[in-house]
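Visitor: Here it is, the structure in full.
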């Protein structure tokens, strides 16, 4: 068994099973890191992604609005990795706020 640092970001939607997730996070000794963001040490053998996914699935009600993203250090090359274990990426609320200049090259006709 190996203990690994995990950061978890979650959005369960308006009617999500926050109580179940909070109970699970509390059982892991998770610490709060901002709105819907937590850190904990996870003890696991085997595929950490599958183990986390299975354990969370057994603890909370998952629906189509459930989005859970984890950040962890890959055991193979020790690089930081991140991925959704439930749900997918959606458009960022800040999309369109920055000015992007389009450079058009003009030439004499």
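Numbering (UniProt numbering), first residue to last: 1 to 109.
Note that the Cβ used here is the ideal one computed from N, Cα and C, for glycine as well.
(1) Give the range of the alpha helix (DSSP H) segment to which residue 23 is assigned.
(2) Pick out whichever of 67, 53, 100 and 74 has its Cα sitting closest to the Cα of residue 89.
(3) With a cut-off of 8 Å on the beta carbons, I'd call residue 1 and residue 44 a contact; round off their distance for me.
(4) Answer yes if the segment 72–89 comes into contact with the segment 13–21, meaning at least three C-beta pairs across the two stretches below 8 Å, and no otherwise.
(5) Taking the alpha carbon of residue 85 as the point to measure from, which residue in 4, 32, 72 and 96 has its own alpha carbon closest?
(6) Roughly how many whole angstroms lie between the Cα atoms of residue 101 and residue 95?
(7) Please report the distance separating the alpha-carbon of residue 111 from that of residue 105.
Guide: Result, derived from the coordinates:
(1) 18–27
(2) 67
(3) 7 Å
(4) no
(5) 72
(6) 15 Å
(7) Residue 111 falls outside the range modelled here, since the chain spans only 1 to 109, and no answer is possible.
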